[in-house]
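The sequence shown begins at 1422 in this note's numbering and counts up one residue at a time. The C-beta atom is built at its ideal place from N, Cα and C for all residues, glycine as well. On a predicted model such as this, the values are computed, not experimentally measured, just so you know.
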Amino acid sequence: MRPLEDVRIIAVEQYGAGPFGSVHLADLGAEVIKIEDPRVGGDVGRYVPPYNEGEDSLFFEAFNRGKRSLSLDLGTEEGRAVFEDLVRVSDAVYSNLRGDVPAKMRITYDDLKHLNPAIVCCSLTGFGMSGPRRSEPGYDYVLQGLAGWMDVTGEPEGPPTKSGLSMVDYSGGFVAAISLLAGLHAARRDGVGMDCDVSLYDTAIGLLTYPAAWHLNEGFVPARTRHSAHPSLVPFQAFEARDGWLVVGCAKEKFWQRLTEVVGHPEWAADPRFATFADRRNNQDVLLPLLEEIFRRRTVAEWLPPLYAASIPCGPINDVATALTEEHTLARDLVVETEHPVWGTVRQVASPVRVGNERPAYRRAPRRNEDVDHVTRELLRYDDEKVAALAKAGAFGASAAGTSAAGTSAAGASA
């Protein structure tokens, strides 16, 4: 069995942060049942361009592989009844909504504990379920600005800069997954579930780590650094070579001493201006121009072998295409394939979460409402008459009324 094969999660989620957290749980074997609102065409991620065809997008594939999909209108009495039956046979309810919405939708622990005392309700929201911003929508770009990330990213004379990736969303997803697993462990130990109040804002502030500690205790003011330099270790930054860029870092004194040999100036190791971390930091205006001029003399490919040979932390600054074809990327099985009825063979990056020695098995993301039969008949043991009555009442969406819910994909307004 895979590590989480005995875990069932009801996921009221959409778009990026929430699905990113649960996709790793699905990769580990959890049954993640994705609840999609038929009134709005399901998860908005299904329609993200540029690579989308109808309700199928490569964006959605990247965040939802291995999950199941159920179209369910939680605004109807019948849809709510199906949801509550699912809570009775599940381990967790996982959501990513605005902070005030879980209570309005009645998906918190207090709302559901009478159905299943051990249920874990993990809510990943923009700003949390308390505080003055709880009712605000939270998006990665906004959070990177609010939490100070953009103020410390980019060149000193340039504008505040967002990370090239949605790192608040992705980090928030990981934090939510950790919280859910901790809650699940406690619930199985004690028989009592709980709420997990996780937010993107808390995640972004928490990731300020040591610069925050420096500021809170010593008044340190973080600032953008030239060429992405480390705020205290010199040299540790991007250097421009003759044909591109590379990162070279001296995180220990021994690396600096080796670097002086590689760049042809062994005398710098004993130079009182550069002898220690503090000396190099105090005299970086002298040292860095000297190093920059030296690194521009050769290509990246010419610099890397001697740097690697000296075991100095370093590496090329790759573009995405190169990163995905790196020898180490392929050796670590970080590019995986699934088969899809629209896209054919879909290649994407694997989960970095590794547990045990078995290579994870990957399955494509579900079509909308693809798993209605599995949920209603296999998990909940509904008979044909009950499924038909639920469909007629609109539990699975307006288009399912009067038809068998089995094998359909409830249509709704496109997002």
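Annotated three-state conformation of lysine 1525 is helix, per DSSP.
Counting the other Cβ atoms within 10 Å of the Cβ of lysine 1488 gives 16 or more, which makes it buried. Rounded to whole angstroms, threonine 1546 and lysine 1813 show a C-alpha spacing of 33 Å. Every alpha helix (DSSP H) stretch that sits fully inside the segment 1490-1573 and reaches 4 residues is listed by chain position as 1498-1509, 1522-1526, 1530-1533, 1561-1567. Note on geometry: alpha-carbon atoms of glycine 1777 and alanine 1696 lie some 45 Å from one another. Annotation for glutamine 1769: the continuous beta strand (DSSP E) segment containing it runs 1765-1770.
Apart from sequence neighbours up to five positions away, the residues of its chain that approach proline 1581 with a beta-carbon distance below 6 Å are Met1571, Asp1572, ordered along the chain. Below 8 Å, too few C-beta pairs join the segment 1617-1628 and the segment 1676-1688 to call them touching: fewer than three. In the structure shown, threonine 1720 falls within a coil segment according to DSSP collapsed to helix, strand and coil.
Around the beta carbon of arginine 1645, a 10 Å sphere encloses 16 or more other beta carbons of the protein chains shown; the residue is thus reported as buried.
Valine 1707 counts as exposed, since fewer than 16 other C-beta atoms from the protein chains shown sit within 10 angstroms of its C-beta. Glutamine 1705 sits in a helix when the DSSP states are folded into three classes. With a beta-carbon spacing of about 6 Å, arginine 1719 and arginine 1663 fall inside the 8 Å limit used to define contacts. A check of alpha carbon separations from methionine 1615 across Val1596, Ser1653, Asn1537 identifies Asn1537 as the nearest. Excluding its 5 nearest sequence neighbours in each direction, glutamate 1476 has C-beta neighbours in its own chain below 6 Å: Arg1467, Arg1789, listed in chain order.
Counting only residues of its own chain and dropping the five nearest sequence neighbours on each side, serine 1556 has a CB closer than 7 Å to the CB of Arg1519, Gly1520, Asp1521. Considering only Ala1809, Leu1621, Cys1542, Ala1690, the residue with the shortest C-alpha distance to proline 1523 is Cys1542. Distance check between alanine 1513 and each of Ala1633, Thr1630, Leu1425 places Leu1425 closest, using alpha-carbon atoms only. The three-state reading of DSSP puts phenylalanine 1481 in helix, counting H, G and I together. In this structure glutamate 1482 touches arginine 1785 by the C-beta definition: roughly 7 Å separates them, less than 8 Å. In this structure, leucine 1495 sits away from isoleucine 1431, with a CB-CB distance that is not shorter than 7 Å. In this structure, the straight-line span from the alpha carbon of aspartate 1464 to that of glutamate 1499 is close to 21 Å. For glutamate 1457, the number of other beta carbons within 10 angstroms of its own is at least 16, and it is reported as buried. Note on geometry: alpha-carbon atoms of leucine 1479 and leucine 1800 lie some 29 Å from one another. Taken in chain order, the whole beta strand (DSSP E) runs of length 3 or more contained in the segment 1430-1479 are 1452-1457.
Less than 7 Å separates the beta-carbon of phenylalanine 1441 from that of tyrosine 1591. Look at alanine 1752 here: in three-state DSSP terms it is helix. Residue Cys1735 holds the alpha-carbon nearest to the alpha-carbon of phenylalanine 1716 among Ala1699, Arg1701, Cys1735.
DSSP places serine 1592 in no beta strand (DSSP E) but in the uninterrupted alpha helix (DSSP H) bounded by 1588-1611. Close CB contacts of valine 1669 within its chain, under the 6 Å cut and outside five residues either way in sequence, are with Phe1660, Cys1735 (chain order). DSSP places aspartate 1805 inside the alpha helix (DSSP H), whose first and last residues are 1805-1813. Per DSSP, reduced to three states, the secondary structure at leucine 1629 is coil, with no helix or strand assignment. The alpha-carbon separation between alanine 1691 and aspartate 1700 amounts to approximately 11 Å. Beta-carbon to beta-carbon, glycine 1593 and valine 1619 are separated by about 7 Å, close enough to satisfy the 8 Å threshold. Among the bridge pairs identified by DSSP, serine 1620 is matched with Thr1546. Under the three-state reduction of DSSP, threonine 1746 is assigned to helix.
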